[in-house]
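Colleague:
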Amino acid sequence: MDGNGRWAKAHGVPRVMGHNAGMQAMKKIVIATSNMGIKYLTVYAFSTENWKRSTEEVSGIFNLIVKYVNSELEELDENNVHINIFGEYDMLPKASVDAINKMVGRLADNDGLVFNIALNYGGRDEILRSVKEIVAEGKDPDELTEDDISKHLYSGSAHFDVPDPDLIIRTSGEERMSNFLTWQAAYSELMFTDTLWPDFAPEEYTEMIEAYSNRDRRFGGRKEADK
Ligand code: FPP
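Okay, so the sequence shown: first residue is 5 according to this note's numbering, each after it adds one.
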């Protein structure tokens, strides 16, 4: 959800107001995703690297999570949304951890959109955790498969097995992966837009989903038509 800081600068307001605008954009994208019948959505809300930011900004983001839970929980439940957290969120302030646990618990039985929030998440860290768990289980290295690694990632151990992303959208003109779903993104389609995240509206999102549906995905194989 990139570009909140630049949006704030452009509007002459503090960075945290940019994140607040980003949260408003996120709300609309979640509902649009659910309405389009897309089953899985993952947002990158806070990376393991984001701790380097000022205390004011970091606590501003964490406060927004509490605000989001308080204002959106009913609507998320009405829309049958299920939430998973990807990342070690127990290191966040207690108020945020409590709010997240309340939200995850309340929506646990919902089977509509699976909305994954990456919080204190890093892709390499996730792979490392997976490998450590497998080693701790005493797995024979000769028997180790890619599937074993996938199953020990946050996406593989979630209540609903979360498949690899079909499409990754990055906003605000950045064109790199920044430690997002590093293992899972091996064959994902990528799309980039210059739009700053707070301005990323369901209309542009829908256009991107339509453009995605016309892409030819080969997963390293050959096109059906060429065979
Ligand atoms: C990146 O923009 C955005 C973030 C690090 C924070 C995103 C968080 C939210 C939108 C709130 C999430 C709320 C919930 C409930 C998950 P940036 O600050 O890197 O922007 P810049 O590149 O323009 O500086």
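C-beta atoms are modelled at their ideal positions from N, C-alpha and C, and glycine is treated no differently. Here the structure is a predicted model, which is why all the values come from computation and not from measurement.
With distances taken between CB atoms, is the gap from Ser-159 to Val-166 smaller than 9 Å?
Modeller: Taking 9 Å as the Cβ cut-off, Ser-159 and Val-166 qualify as a contacting pair.
Colleague: Tell me whether the region 66-80 and the region 143-152 touch, counting them as touching only if at least three CB pairs, one residue from each stretch, are closer than 8 Å.
Modeller: These segments do not touch.
Colleague: Rounded to whole angstroms, what is the Cα-Cα separation between Leu-96 and Phe-66?
Modeller: The alpha-carbon atoms of Leu-96 and Phe-66 are separated by roughly 7 Å.
Colleague: What residues match up with Met-195 in a beta bridge as DSSP calls it?
Modeller: Looking at the DSSP assignment, Met-195 forms a beta bridge with Ile-173.
Colleague: Whether or not the region 44-53 and the region 120-136 are in contact is what I'm after, with contact meaning three or more pairs of Cβ atoms, one per stretch, closer than 8 Å; do they touch?
Modeller: Yes: at least three Cβ pairs fall under 8 Å.
Colleague: Within the continuous alpha helix (DSSP H) that includes Leu-132, where are the two ends?
Modeller: 127-140 is the span of the alpha helix (DSSP H), which, as asked, contains Leu-132.
Colleague: Against chain B, with Cβ distances strictly below 9 Å, would Thr-175 count as a contact?
Modeller: Of the protein chains in the structure, only one exists, and it is not chain B.
Colleague: Quick one: residues in its chain with C-beta nearer than 7 Å to the C-beta of Pro-18, no 5 flanking neighbours on either side, listed in chain order?
Modeller: Contacts found: Ala-12.
Colleague: Can you name the residues that DSSP bridges to Phe-90?
Modeller: Looking at the DSSP assignment, Phe-90 forms a beta bridge with Ala-122.
Colleague: Does Thr-46 come out as helix, strand or coil in the three-state DSSP assignment?
Modeller: Of the three classes helix, strand and coil, the one that applies to Thr-46 here is strand, per DSSP.
Colleague: Can you find a heavy atom of the ligand FPP that lies under 8 Å from the Cβ of Phe-184?
Modeller: No - the ligand FPP has no heavy atom lying nearer than 8 Å to the Cβ of Phe-184.
Colleague: When the Cα atoms are used, what is the spatial distance from Thr-46 to Val-135?
Modeller: Computed Cα separation, rounded: 22 Å.
Colleague: Kindly indicate which three-state DSSP category Ser-3 falls into: helix, strand or coil?
Modeller: Beyond the ends of the chain as shown, which are 5 and 231, falls residue 3; an answer cannot be given.
Colleague: Give me the residue from His-156, Tyr-48, Val-73, Ala-190 with the minimum Cα distance to Gly-224.
Modeller: When only C-alpha atoms are compared, the closest one is Ala-190.
Colleague: Can the beta-carbon of Ser-182 be found closer than 9 Å to that of Tyr-44?
Modeller: No. Outside cutoff.
Colleague: With respect to the alpha helix (DSSP H) encompassing Gln-28, which residues constitute its N-terminal and C-terminal limits?
Modeller: Counting along the chain, the alpha helix (DSSP H) containing Gln-28 begins and ends at 19-39.
Colleague: Quick one: Cα of Lys-231 to Cα of Asp-220, how far?
Modeller: With a pLDDT of 49 at Lys-231, under the threshold of 50, the modelled position of that residue is not reliable, and no figure is offered here.
Colleague: On the DSSP bridge list, what partners appear for Ser-51?
Modeller: DSSP lists Tyr-125 as partners of Ser-51.
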